[in-house]
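Enquirer: Quick note: to get our numbering, add 214 to the position in the sequence shown (first position is 1).
Where is the CB? At the ideal position from N, CA and C, for every residue including glycine.
Source: prediction; values computed, not measured.
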Amino acid sequence: MADFKDRVVLITGGSRGIGKYIAESFADEGAKVIVTYRNAIDEEYFNSKGIKHFKCDVSDLKSVQEMTENIIKEFEKIDVLINNAGITKDGLLMRMSEEDWEAVIDTNLKGVFNMTKAVTRNMMSKRYGKIINITSIVGITGNAGQANYAVSKAGVIGFTKSIAKELASRNINVNAVAPGFIETEMTDKLTDEVKQSYMNMIPLKKFGSGSDIAKAVKFLAGDDSNYITGQTLCVDGGI
Ligand code: NAP
Numbered sequence: 215m216a217d218f219k220d221r222v223v224l225i226t227g228g229s230r231g232i233g234k235y236i237a238e239s240f241a242d243e244g245a246k247v248i249v250t251y252r253n254a255i256d257e258e259y260f261n262s263k264g265i266k267h268f269k270c271d272v273s274d275l276k277s278v279q280e281m282t283e284n285i286i287k288e289f290e291k292i293d294v295l296i297n298n299a300g301i302t303k304d305g306l307l308m309r310m311s312e313e314d315w316e317a318v319i320d321t322n323l324k325g326v327f328n329m330t331k332a333v334t335r336n337m338m339s340k341r342y343g344k345i346i347n348i349t350s351i352v353g354i355t356g357n358a359g360q361a362n363y364a365v366s367k368a369g370v371i372g373f374t375k376s377i378a379k380e381l382a383s384r385n386i387n388v389n390a391v392a393p394g395f396i397e398t399e400m401t402d403k404l405t406d407e408v409k410q411s412y413m414n415m416i417p418l419k420k421f422g423s424g425s426d427i428a429k430a431v432k433f434l435a436g437d438d439s440n441y442i443t444g445q446t447l448c449v450d451g452g453i
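1) Measuring only from the beta carbon, is residue 272 closer than 6 Å to any heavy atom that is part of the ligand NAP?
2) With three or more C-beta pairs closer than 8 Å as the rule, is the region 388 to 399 touching the region 412 to 426?
3) If you count every other CB in all the chains shown that lies within 10 Å of the CB of residue 224, and 16 or more means buried, which is it?
4) Leaving aside the five residues before and after residue 366 along the sequence, list all residues of the same chain whose C-beta is less than 7 Å from its C-beta, in chain order.
5) Is DSSP giving residue 319 helix, strand or coil here?
6) In angstroms, rounded to a whole number, what distance separates the CA positions of residue 373 and residue 334?
7) Quick check: is any heavy atom of the ligand NAP less than 6 Å from the C-beta of residue 230?
8) Report the rounded CA-to-CA distance for residue 354 versus residue 325, giving the unit in angstroms.
9) Can residue 373 be considered in contact with the ligand NAP, in the sense that its beta carbon sits closer than 6 Å to one or more heavy atoms?
10) Across the region 331 to 348 and the region 277 to 287, are there enough close Cβ pairs to call them in contact, namely three or more that are closer than 8 Å?
11) State the beta-bridge partners of residue 393 as determined by DSSP.
12) From residue 301 to residue 339, what distance separates their C-alpha atoms?
13) Which residue's Cα is closest to the Cα of residue 356: 369, 344, 314, 347?
14) Within 6 Å: the Cβ of residue 395 and any heavy atom of the ligand NAP?
15) Quickly, what does DSSP pair residue 297 with across the bridge? List them, please.
16) From which residue to which residue does the alpha helix (DSSP H) around residue 354 run?
17) With burial defined as no fewer than 16 other Cβ atoms inside 10 Å of the residue's Cβ, what is the status of residue 410: buried or exposed?
18) Please look up how many angstroms separate the CB atoms of residue 446 and residue 358, rounded, as I've assumed it's under 8 Å.
19) Using C-beta distances below 6 Å, list every residue in its chain close to residue 347, excluding the 5 sequence neighbours before and after it, in chain order.
20) Taking only heavy atoms of the ligand NAP into account, decide whether any of them is closer than 6 Å to the Cβ of residue 301.
21) Report yes or no: do the region 248 to 266 and the region 302 to 314 share at least 3 C-beta pairs separated by less than 8 Å?
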């Protein structure tokens, strides 16, 4: 419990899906939680939980910098950054448009760069920080029809390893969590056939939940993982 009391935890894309689970689980432990979103949020719900929210497109560096400055003005610090915001725009290479390629890279990869760049100065000055990047097993295995997404998520793993080395001397840990198939709006879009093909690959024979990811994120954000950095923890039912 004491681990997160009064820690300032910023979660991108925390309005729904996995990010919402993560936000709730930190709020339940007394952390000061801030979520970001791009389009819309259930303000009443998040206000009732005491979770602060900011509309900010992670792919836009200027907006990210402005938002981060406002958060630091109000909370003085950001202890934990969870880079969770992500999108898919699937399609086979021959049909994938340049726009769909760029949109996915801009949110999933450049967004991680923007957010990390914006918060690290404050973390460095405090000599404390935990950065957790939500990648995907698709970034490790690849997946037909998801070249843009796989590249963005593989890039996040490379970014995690590199930035972990850069920030280690300032007591900042940088790790990634690679979810497998987690039941959210992102995966609701898939056809039953695709869902079955995923199920066939999962040794534990069940899809994951947002809370499975939240638990792994909390491990990497807490003191029990102080000697772990630059790693990618797969939470994927054994894929
Ligand atoms: P989701 O339900 O679709 O939610 C995505 C969240 O990201 C929303 O809050 C959305 O805000 C926000 N977002 C999207 N683009 C953004 C942008 N440019 N700037 C700021 N916020 C943005 O997704 P999810 O399934 O929870 O996935 C969360 C993360 O886990 C993603 O990085 C995803 O790639 C990764 N992941 C998911 C699975 C899975 O099976 N679900 C598996 C592996 C990895 P709005 O609602 O305002 O658009």
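Expert: The relevant details are as follows:
1) At least one heavy atom of the ligand NAP falls within 6 Å of the beta-carbon of residue 272.
2) At 8 Å Cβ cutoff, the stretches touch.
3) So residue 224 counts as buried.
4) Cβ neighbours of residue 366 beyond the five flanking positions: 318, 319, 322, 323.
5) The answer is helix: DSSP assigns residue 319 an H, G or I state.
6) Distance between the alpha carbons of residue 373 and residue 334 is about 14 Å.
7) Yes - the ligand NAP has a heavy atom lying nearer than 6 Å to the Cβ of residue 230.
8) Computed Cα separation, rounded: 19 Å.
9) Incorrect: residue 373 has no Cβ contact closer than 6 Å to the ligand NAP.
10) By the criterion of at least three beta-carbon pairs nearer than 8 Å, the region 331 to 348 is in contact with the region 277 to 287.
11) Residue pairing of residue 393 in beta bridges, as defined by DSSP: 449.
12) If I take the Cα positions, the gap works out to 32 Å.
13) Measuring from the Cα of residue 356, the nearest candidate turns out to be 369.
14) Yes - the ligand NAP has a heavy atom lying nearer than 6 Å to the Cβ of residue 395.
15) Bridge partners of residue 297: 347.
16) For residue 354, the enclosing alpha helix (DSSP H) has its first and last residue at 352 to 355.
17) So residue 410 counts as exposed.
18) Contact flag wrong, Cβ pair sits at about 22 Å.
19) Cβ neighbours of residue 347 beyond the five flanking positions: 297, 326, 370, 374, 390.
20) Flag set: Cβ of residue 301 near the ligand NAP.
21) Contact between the region 248 to 266 and the region 302 to 314 is absent, because fewer than three Cβ pairs lie under 8 Å.
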